[in-house]
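Novice:
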Amino acid sequence: MSDFFSSGWGIYIAVVTGVGIIWCLYLLFSQRKTNVTYEADGSVADTGHVWDGDLRELNNPLPRWWMWMFVLSCVFAIVYLVLYPGMGTYEGSLGYTTRNAHEASVVQANQQLKPVYAKYMSMDAKQVAADPAAREMGQRLFLNHCAQCHGSDAGGSKGFPNLADTDWLYGGDTQDIKQTLIGGRAGVMPAFAHLESAQVSDVANYVRSLSGLAADQIKVGRGAEVYKANCAACHGAEGKGMAAMGAPNLTDKVWLYGGSEATIIETVLKGRNGMMPAHETILTPEKIHLLTAYVWGLSNVKDKTSK
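Each residue of the sequence shown is one higher than the one before, counting from 304 in our numbering.
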């Protein structure tokens with residue numbers, strides 16, 4: 304794809320655009336006719352093209368108004384391409400870009416909405432979560448910025464956490480949620496490819512047993528030692544996880560990628576990489592505050608009419 308951003312493509316686009324406009328002008332003026340051609344019997348001559356046996360294409364000139372509209376369209380195109388980008392890498396004399404226009408509109412919209420959000424900024428996020436109007440605004444923000452990964456109901460999907468339960472990778476307090484929104488999160492489960500296949504199967508069964516799932520008890524006994532040597536540093540000796548690292552609790556029957564033996568084996572052998580993008584440069588502090596309250600309220604406010 305990088306080839307499409309080289310200077311060669313810019314020149315190609317500019318040449319095709321310029322030649323296209325010049326060709327249109329040439330075609331209009333070279334084919335114009337000022338007089339109607341008549342046959343000997345006084346009828347208008349045709350071009351020789353006949354359809355359906357009797358539908359002839361007459362050799363009449365273009366209406367002058369029609370031709371000049373095309374000419375004006377070409378002139379407009381030339382003026383436009385001088386002022387705005389369109390000729391390859393040429394940026395236009397006005398320096399207009401869609402990025403700048405979008406950013407300016409976002410700034411303007413944020414300024415207009417500031418008074419709407421102002422009253423909530425003086426409130427604690429938990430108080431905001433109890434306000435029906437604030438929850439409605441928070442839901443709209445969630446649908447625009449979060450639902451693509453976490454689902455419109457915040458239920459998550461494979462690799463994307465459920466935000467409507469009480470299970471949290473990095474902590475579920477309002478400050479933890481706000482920090483996640485501001486700075487993002489990067490969760491890394493390293494691959495343990497150095498383990499033998501038997502060890503991987505053993506530790507997978509042990510991990511399943513922590514959540515009370517069916518497991519081979521012989522493998523569970525051996526897997527406990529494998530877990531202690533390779534997994535306890537992050538997930539804890541009891542498998543309760545570590546919020547500071549985003550290491551999940553392995554005892555709560557909540558699975559980000561699935562709890563089958565095959566899936567756990569895949570996780571151990573290949574590792575996992577989870578990325579929550581930072582929204583500090585995307586959302587204003589006011590929007591982050593409202594969104595924090597909404598996400599916290601999904602699992603803490605009993606009245607979930609906003610869901």
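No residue lacks a Cβ here, since even glycine has one placed at the ideal position from N, Cα and C.
Alpha carbon to alpha carbon, what distance is there between A407 and D470?
Specialist: For this step, residue 470 is matched to residue 167 along the sequence shown. For this step, residue 407 is matched to residue 104 along the sequence shown. Between D470 and A407, the C-alpha separation is close to 39 Å.
Novice: Who are M372's beta bridge partners in DSSP?
Specialist: Translated into the one-based positions of the sequence shown, residue 372 becomes position 69. None, per the DSSP bridge assignment.
Novice: Compute the beta-carbon to beta-carbon distance between L444 and K590, rounded to the nearest angstrom, for a pair I have assumed lies under 8 Å.
Specialist: Start at 1 with the first residue of the sequence shown, and residue 444 comes out as number 141. Start at 1 with the first residue of the sequence shown, and residue 590 comes out as number 287. Going by Cβ atoms, the distance from L444 to K590 rounds to 6 Å, so yes, they are a contact pair.
Novice: Would G490 pass as a contact of G577 if the rule is Cβ separation under 8 Å?
Specialist: Along the sequence shown, read from residue 1 onward, the residue named residue 490 stands at position 187. Along the sequence shown, read from residue 1 onward, the residue named residue 577 stands at position 274. Yes, they are a contact pair.
Novice: Would V503 and I568 qualify as a contact pair, given that the criterion is a beta-carbon distance under 8 Å?
Specialist: As a first step, residue 503 is located in the sequence shown; it is residue number 200 there, counting from the start. As a first step, residue 568 is located in the sequence shown; it is residue number 265 there, counting from the start. Their beta carbons are under 8 Å apart, which means V503 touches I568 by this criterion.
Novice: With distances taken from CA atoms, which of E499, G600 and P493 is nearest A550?
Specialist: What you label residue 550 is simply residue 247 of the sequence shown in a count that begins at 1. Comparing Cα positions, the closest option is P493.
Novice: Can you tell me which of the three DSSP states N508 falls into?
Specialist: Counting from one through the sequence shown, the residue named residue 508 turns up at place 205. The answer is helix: DSSP assigns N508 an H, G or I state.
Novice: At the level of alpha carbons, what is the spacing between A581 and W369?
Specialist: In the sequence shown, residue 581 corresponds to position 278, counting from 1. In the sequence shown, residue 369 corresponds to position 66, counting from 1. Taking the straight line joining both Cα atoms gives about 55 Å.
Novice: Which residue or residues does DSSP assign as beta-bridge partners of F463?
Specialist: As a working note, residue 463 is residue 160 in the sequence shown. Paired residues: S460.
Novice: By the DSSP assignment, the beta strand (DSSP E) with W354 in it spans what residues?
Specialist: The residue you call residue 354 lines up with position 51 of the sequence shown. From DSSP, the beta strand (DSSP E) with W354 extends over D349 to W354.
Novice: Apply the 10 Å Cβ neighbour rule to R335 and answer buried if 16 or more other Cβ atoms are within range, or exposed otherwise.
Specialist: On the sequence shown, residue 335 is found 32 positions in, with the first residue counted as 1. When all chains shown are included, R335 counts as exposed.
Novice: Which value, in whole angstroms, describes the spacing of the CA atoms of K417 and Y423?
Specialist: Residue 417 sits at position 114 when you count from the first residue of the sequence shown. Residue 423 sits at position 120 when you count from the first residue of the sequence shown. Their backbone Cα atoms lie some 10 Å apart in a straight line.
Novice: Taking DSSP as the reference, what is the three-state secondary structure of G323?
Specialist: Locating residue 323 in the sequence shown gives position 20, where the first residue counts as 1. Correct three-state label for G323: helix.
Novice: I'd like to know whether the C-beta atoms of G487 and M579 end up nearer to each other than 8 Å.
Specialist: Within the sequence shown, the letter at position 184 stands for residue 487. Within the sequence shown, the letter at position 276 stands for residue 579. Against a cut-off of 8 Å, the Cβ pair of M579 and G487 comes out as a contact.
Novice: Return the first residue and the last residue of the alpha helix (DSSP H) that M426 is part of.
Specialist: Locating residue 426 in the sequence shown gives position 123, counting from the first residue. Element bounds for M426: n/a, residue is neither H nor E.
Novice: Out of curiosity, what's the CA-to-CA distance linking C537 and A496?
Specialist: Along the sequence shown, one-based indexing puts residue 537 at 234. Along the sequence shown, one-based indexing puts residue 496 at 193. Each residue's alpha carbon lies about 17 Å from the other.
Novice: Give every residue of the same chain whose Cβ lies closer than 8 Å to the Cβ of Y315, excluding the five residues on either side of it in the sequence, and list them in chain order.
Specialist: Your numbering for residue 315 matches position 12 in the sequence shown. Answer for Y315: G391, listed in chain order.
Novice: Using the Cβ count rule (16 or more neighbours within 10 Å means buried), how would you classify D357?
Specialist: The residue you call residue 357 lines up with position 54 of the sequence shown. When all chains shown are included, D357 counts as exposed.
Novice: Can you name, in chain order, every residue of its own chain whose Cβ lies under 8 Å from the Cβ of L516, other than the five neighbours on each side?
Specialist: Sequence index remark: in the sequence shown, residue 516 carries index 213 (1-based). Contacts found: K556 and G562.
Novice: Taking the C-alpha atoms as reference points, what is the distance between A565 and G574?
Specialist: For the purposes of this step, residue 565 is taken as the residue at position 262 of the sequence shown. For the purposes of this step, residue 574 is taken as the residue at position 271 of the sequence shown. When rounded, the distance between both Cα atoms is 13 Å.
Novice: Mapping DSSP to helix, strand and coil, what is E360?
Specialist: Within the sequence shown, numbered from 1, the residue matching residue 360 stands at position 57. Strand at E360.
Novice: According to the Cβ coordinates, are N363 and V347 closer than 8 Å?
Specialist: Taking the first residue of the sequence shown as position 1, residue 363 is located at position 60. Taking the first residue of the sequence shown as position 1, residue 347 is located at position 44. Yes, these two residues count as a Cβ contact at 8 Å.
Novice: Measure the alpha-carbon distance for H352 versus L361 and round it to whole angstroms.
Specialist: Against the sequence shown, residue 352 aligns to sequence position 49. Against the sequence shown, residue 361 aligns to sequence position 58. Roughly 8 Å between the two C-alpha positions.
Novice: Using only the alpha-carbon positions, how far apart do G539 and T477 sit?
Specialist: Along the sequence shown, one-based indexing puts residue 539 at 236. Along the sequence shown, one-based indexing puts residue 477 at 174. About 24 Å.
Novice: When you compare only the Cα positions, how much space is there between G366 and M372?
Specialist: Within the sequence shown, the letter at position 63 stands for residue 366. Within the sequence shown, the letter at position 69 stands for residue 372. Position check: residue 366 holds Pro in this sequence, whereas Gly was assumed. About 10 Å.
Novice: Are the Cβ atoms of L593 and Y473 separated by less than 8 Å?
Specialist: The sequence position of residue 593 within the sequence shown is 290, counting from 1. The sequence position of residue 473 within the sequence shown is 170, counting from 1. Cβ atoms of L593 and Y473: not closer than 8 Å.
Novice: Nearest CA to the CA of E541: which residue from Y509, V318 and P464?
Specialist: Position 238 of the sequence shown, counted from the first residue, corresponds to residue 541. If we check each option's Cα against that of E541, Y509 comes out closest.
Novice: Opposite G577 in the DSSP bridges: which residues?
Specialist: To locate residue 577, count along the sequence shown from 1; it is residue 274. Per DSSP, G490.
Novice: So what's Y399 in DSSP terms, helix, strand or just coil?
Specialist: For the purposes of this step, residue 399 is taken as the residue at position 96 of the sequence shown. Correct three-state label for Y399: coil.
Novice: Cβ of A501 within 8 Å of Cβ of R511?
Specialist: Taking the sequence shown and counting its residues from 1, the one referred to as residue 501 is at position 198. Taking the sequence shown and counting its residues from 1, the one referred to as residue 511 is at position 208. Cβ distance not < 8 Å, so A501 and R511 don't count as in contact.
Novice: Closer than 6 Å by C-beta to D546: which residues in its own chain qualify, once you throw out the five before and the five after it? Chain order, please.
Specialist: Indexing the sequence shown from 1 puts residue 546 at position 243. Position check: residue 546 holds Ala in this sequence, whereas Asp was assumed. So the list reads Y473 and G474, once near-sequence residues are dropped.
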